[in-house]
Amino acid sequence: MSMIIKNNQDELFEDWFKVITGFPSFRWQRRLFTRFLDEDVPAMLDLPTGLGKTSVMVIWLLARAFNPTLPKRLVYVVDRRVVVDQATEIAESLRYKLQQLPDLHVLLQLGNEPLAVSTLRGQFVDNRQWLADPTKPAIIIGTIDMIGSRLLFEGYGVSRNMRRYHAGFLA
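FYI, the numbering for the sequence shown is 169 to 339, going by this note's numbering.
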């Protein structure tokens with residue numbers, strides 16, 4: 169990574185965050201970005217409704233661009249299907265907006281591929297993008313039961329031979 173980019177992380181974060189989300193970041197989002205850069209990744213976040221929890225996907229992706237040692241997968245687990253659907257829309261929008269930010273796309277080492285975004289929830293067919301290339305960043309959004317069952321090697325609708333892959337890619 170060039171020294172210019174490294175020295176302007178905070179400024180680039182703010183610029184790219186606004187391009188992707190349409191809004192300036194909140195203070196908690198900037199602090200979370202810094203924590204991600206320092207590899208201090210919280211196991212969970214507990215924030216009130218309306219404060220931009222789904223922006224964690226954007227924050228993680230931007231931090232990953234500056235620190236490639238961060239996990240390649242972001243697993244976003246929520247307890248309601250409607251929230252999974254909303255988060256999926258945001259992740260798909262993020263994937264689309266990445267096309268407008270070629271420098272970020274290069275930093276993420278996505279090559280010619282778009283960001284993998286997959287949804288794991290009942291009554292929804294898994295597009296399997298998250299399984300295609302474990303060396304590339306991916307966002308996996310799912311309900312507690314769909315993600316949890318895979319982590320326990322018992323994924324709903326997952327063949328016996330694929331269960332270990334699902335568990336490993338999510339762990």
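A virtual CB, placed ideally from N, CA and C, is assigned to each residue, including glycine.
None of these values were measured; they are calculated from a predicted model.
Start and end of the alpha helix (DSSP H) containing residue i?
i      : result
Ser317 : 312-319
Val226 : 224-234
Asp271 : 270-275
Leu205 : 195-205
Leu299 : 297-300
Would you identify the three-state DSSP class for residue i, choosing helix, strand or coil?
i      : result
Ile307 : strand
Leu338 : helix
Val187 : helix
Val250 : helix
Gln177 : helix
Ser261 : helix
Identify the continuous beta strand (DSSP E) that holds residue i and give its terminal residues.
i      : result
Ser286 : 284-288
Leu242 : 241-246
Should residue i go down as buried or exposed, given a rule of 16 or more other Cβ atoms within 10 Å for buried?
i      : result
Phe191 : exposed
Pro305 : buried
Leu230 : buried
Leu180 : buried
Leu219 : exposed
Ile312 : exposed
Met212 : exposed
Val187 : exposed
Thr303 : exposed
Arg328 : exposed
Leu320 : exposed
Val226 : buried
Gly336 : exposed
Identify, in the order they occur along the chain, each residue of the same chain with its Cβ nearer than 7 Å to the Cβ of residue i, setting aside the five sequence neighbours on each side.
i      : result
Ser193 : Glu182, Phe185
Arg318 : Val326, His334, Ala335, Leu338
Just to check my reading of the structure: residue i and residue j have Cβ atoms closer than 8 Å, yes? What is that Cβ distance to the nearest angstrom?
i      : j      : result
Leu338 : Val224 : Rounded, the Cβ-Cβ distance is 17 Å, inconsistent with contact.
Ile308 : Leu288 : 6 Å
Thr237 : Glu207 : 7 Å
By Cβ distance, which residues of its chain are closer than 8 Å to residue i, with the 5 residues on each side in sequence left out?
i      : result
Leu278 : Leu266, Lys304, Pro305
Arg163 : A question about residue 163 goes unanswered here, because the residues of the chain that appear run from 169 up to 339.
Gln120 : Past the edges of the chain, shown from 169 to 339, lies residue 120, and the structure says nothing about it.
Output needed for residue i: all residues of its chain with C-beta closer than 6 Å, excluding positions within five of it in sequence on either side, in chain order.
i      : result
Val246 : Val252
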